[in-house]
Amino acid sequence: MARLSDVAMSRRQVLGLGALAAGAGFGLSACGSPVPLADPGPALDGEYTGPPVQLEYWNGFTGGDGPAMREIVARFNESQDLIRVRMNVVQWAQYYQRVVAAVHAGKGPDIGAMHVEQLATQAARQTIAPLTEVVDELGVSEEEYPTEVWERGMYAGERYGIPFDVHSLASYANLDVLESNGVRGLPEARQDFEASLATLVGAGVESPFWVPNRWPAHLIFLSLLWQFGGEPYSEDGSTATFDSEAGVAALQWLVTQIQTGVSPENVAPDSQYTAFKNGEGAYTWDGIWQINDLLTTAPDLRWGLSPIPTIGEQPAVWANSHQLVMFKSRAPDDNRLLATKTFMRYLVENSEIWSQAGMVPARAAARESEEFLASPQAPIAEAVPTMRFLPSVAAIGEVQAQTLEVGLANAILGRQSPQEALAGAAAQASQLMQSNLRKFEG
4 MARLSDVAMS RRQVLGLGAL AAGAGFGLSA CGSPVPLADP GPALDGEYTG
54 PPVQLEYWNG FTGGDGPAMR EIVARFNESQ DLIRVRMNVV QWAQYYQRVV
104 AAVHAGKGPD IGAMHVEQLA TQAARQTIAP LTEVVDELGV SEEEYPTEVW
154 ERGMYAGERY GIPFDVHSLA SYANLDVLES NGVRGLPEAR QDFEASLATL
204 VGAGVESPFW VPNRWPAHLI FLSLLWQFGG EPYSEDGSTA TFDSEAGVAA
254 LQWLVTQIQT GVSPENVAPD SQYTAFKNGE GAYTWDGIWQ INDLLTTAPD
304 LRWGLSPIPT IGEQPAVWAN SHQLVMFKSR APDDNRLLAT KTFMRYLVEN
354 SEIWSQAGMV PARAAARESE EFLASPQAPI AEAVPTMRFL PSVAAIGEVQ
404 AQTLEVGLAN AILGRQSPQE ALAGAAAQAS QLMQSNLRKF EG
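The structure is reproduced here in structure tokens:
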């Protein structure tokens, strides 16, 4: 298992790597390297019966999710004799650059997992292959998946990803702190959440809810923005809209928690999670990817997990999705392509095992399995219809890292008002987005 600091760094950096990877791919193409080909190969019909083949499977599951994926791969390798899958695990912070370079050098993997918001960038850089013709071969259909996570696997009219999981923010609660101070149950509405915070502060609990100035502040902000009815970006990728009234309301709520003493000032990235794990505070909003870390490194902590409360007008929460992809190749081979689709189908059909990683399987049948229903993250499944994703816009991650995340920090640290911070960040983001449109689609 990777150290907590390694996992935290990869989570923070991954959302800003889209344009870095794109730049690497652009440079390779500009130097005259042949553009890799997108070939779905022969239709998959039944089991693979070709010659023995070894597939290269790349992903970034370096943390608590790693053992679950290793188990799935091992089970597949043991289930048949003709296909051997070799898994290469790379920190997400390097993954999106390395796959571009590898594919354009003719040494790319066959199959991979990617965050859904990276698909547009990787597709624009000629790294991953369209899967539109492959969907039926895998035996999957749109009806089996949450609508938005299915739709986010599309870019420029083609499907590039098959949803494997969804993972979102959630509200973690220290049950001992709540119960010893008269708070019963896990709050769902703003009124109840704020009442519980007031009760805890009144009982002498210092800083029951920590607001970080960076990671995962932007994920918390996006959740609240959607709750207040806003959108962060236009669907066409031309404009940042997170400085709307909804955005200001969302950020003001976070700033108010600091101003009223609910949160300490100047909370460094991930400090809110470390504090919670050490028994400080009462609540923290963080990703469900922390579940396995809590179980392993804080076994004596009594904690509860629930969807984040609805602070705005409607339930909504930031989410991401690991999606399965096929990579382009300079020399497509029919047998490798058939073997790749066979393994991809196995991953889809056995995704309930992925519950061990602390994730929520994307496929409905897996979410209804006994294995998932017995998992700590099972309560988060009820929030799946309210999970929201960034639009399929190339390089949106880097734009967000350079603008929104900086603006949020300025407001949370008291350097600017929420309105000033968001207005400046949105103006800069819109300029970058328009530049990216010219670069990627011009």
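Using the working numbering, the first residue of the sequence shown is number 4, and each one after it goes up by one. A virtual CB, placed ideally from N, CA and C, is assigned to each residue, including glycine. None of these values were measured; they are calculated from a predicted model.
Straight-line Cα distance separating residue j from residue i
i	j	result
ASP337	THR343	10 Å
GLY366	GLU161	Before going on, a small fix: residue 366 reads as Arg here, not Gly. Cα to Cα, ARG366 sits roughly 20 Å from GLU161.
SER433	SER247	14 Å
MET117	ILE165	10 Å
LEU200	GLY207	11 Å
GLU136	ARG193	45 Å
CYS34	GLY49	Reliability fails at CYS34, whose pLDDT of 40 lies under 50, so the model's placement of it is uncertain and the value that follows must be treated cautiously. Answer to the nearest angstrom: the Cα atoms are 41 Å apart.
ASP179	ALA71	30 Å
THR242	VAL204	41 Å
ALA27	GLU74	In this prediction, ALA27 scores a pLDDT of 42, lower than 50, which makes its location untrustworthy; the coordinate-derived value is nonetheless stated afterwards. Distance between the alpha carbons of ALA27 and GLU74 is about 33 Å.
THR244	TRP321	16 Å
GLN419	ARG101	38 Å
ALA104	GLU191	46 Å
GLY30	GLN125	Here GLY30 scores only 41 on pLDDT, less than 50, and its place in the model should not be relied on; the value that follows carries that caveat. Their Cα atoms are separated by approximately 14 Å.
GLU373	GLY410	43 Å
ALA404	ALA429	12 Å
THR52	PRO318	48 Å
THR389	GLU371	18 Å
VAL186	GLN293	24 Å
GLU145	ASN184	46 Å
LEU304	GLU182	13 Å
ALA412	PRO211	20 Å
ALA253	PRO45	50 Å
Residue i - containing beta strand (DSSP E), residue span
i	result
TYR175	168 to 177
THR277	Not the beta strand (DSSP E): THR277 falls in the alpha helix (DSSP H), residues 274 to 280.
N- and C-terminal bounds of the alpha helix (DSSP H) containing residue i
i	result
ALA262	A quick correction: the sequence has Gln, not Ala, at residue 262. 248 to 262 is the span of the alpha helix (DSSP H), which, as asked, contains GLN262.
GLU423	421 to 444
THR459	Residue 459 falls outside the range modelled here, since the chain spans only 4 to 445, and no answer is possible.
LEU200	193 to 205
ASN353	That residue, ASN353, is in no alpha helix (DSSP H); it is neither H nor E in DSSP.
THR124	122 to 127
THR299	294 to 300
LEU141	138 to 141
LEU407	407 to 415
Paired residues, beta bridge with residue i - DSSP
i	result
PRO394	Answer by DSSP bridge pairing: none, since PRO394 is not bridged.
GLY307	ALA176
ALA322	SER171
LEU327	ALA116 and ILE165
PHE212	TYR286
VAL92	ASN62
MET157	ARG162
SER332	LEU40
GLU364	It should be pointed out that residue 364 corresponds to Pro in this sequence rather than to Glu. Bridge partners of PRO364: ASP168.
VAL270	PRO215
ILE86	VAL56
ILE131	PHE330
THR313	ALA192
ALA243	TYR236
Residue nearest to residue i in terms of C-alpha spacing, selected from the options
i	options	result
PRO112	ALA414, GLY233 and ARG339	ARG339
GLU154	ALA127, VAL119 and GLU136	VAL119
ARG441	LEU308, LEU58 and ALA127	ALA127
GLN518	ASN80, GLU81 and ASP68	This structure cannot speak to residue 518, because the chain is shown only from 4 to 445.
SER309	LEU435, VAL103 and ILE383	ILE383
ALA368	GLN125, TRP218 and ASP168	ASP168
LEU425	SER438, THR406, PHE443 and LEU416	THR406
VAL251	GLY233, THR263, ALA404 and SER144	GLY233
GLU283	ALA198, GLU209, SER354 and GLY240	GLU209
SER332	GLU151, ILE114, TYR51 and ASN62	ILE114
PRO39	ILE131, MET157 and HIS170	ILE131
ARG217	PRO43, THR202 and GLU268	GLU268
PRO43	SER372, MET347 and THR150	MET347
THR345	GLY63, ASN62, ASP84 and ALA41	ASP84
SER395	PRO45, VAL186 and PRO235	PRO235
SER354	PRO335, PHE375 and ALA334	PHE375
PHE279	HIS325, ASN177 and GLY264	ASN177
ALA159	GLU140, TYR148, GLY188 and LEU122	LEU122
HIS325	ILE314, ALA301 and ALA360	ALA360
PHE224	TYR99, SER237 and ILE314	ILE314
ARG391	VAL56, PRO149, PRO55 and GLN97	PRO149
CB-CB length for residue i against residue j, believed under 8 Å
i	j	result
LEU341	LEU134	Their Cβ separation, rounded to whole angstroms, is 14 Å, which puts LEU341 and LEU134 out of contact at 8 Å.
THR65	TYR175	With 8 Å as the limit, THR65 and TYR175 do not qualify as a contact, their Cβ atoms being about 22 Å apart.
VAL363	VAL328	Not a contact, Cβ separation roughly 20 Å.
ALA510	ILE399	Lying before the first or after the last residue shown, residue 510 is absent from the chain, which here runs from 4 to 445.
PRO215	GLN275	5 Å
LEU222	LEU257	12 Å between Cβ atoms; not a contact.
ARG3	LEU58	The structure shown does not extend to residue 3, since the chain spans only 4 to 445, so no value can be given for it.
GLN230	GLU316	7 Å
GLY61	ASN91	Gly is not the amino acid found at residue 61; the sequence shown has Trp there. Sure, about 5 Å apart at Cβ, within 8 Å.
VAL143	VAL351	6 Å
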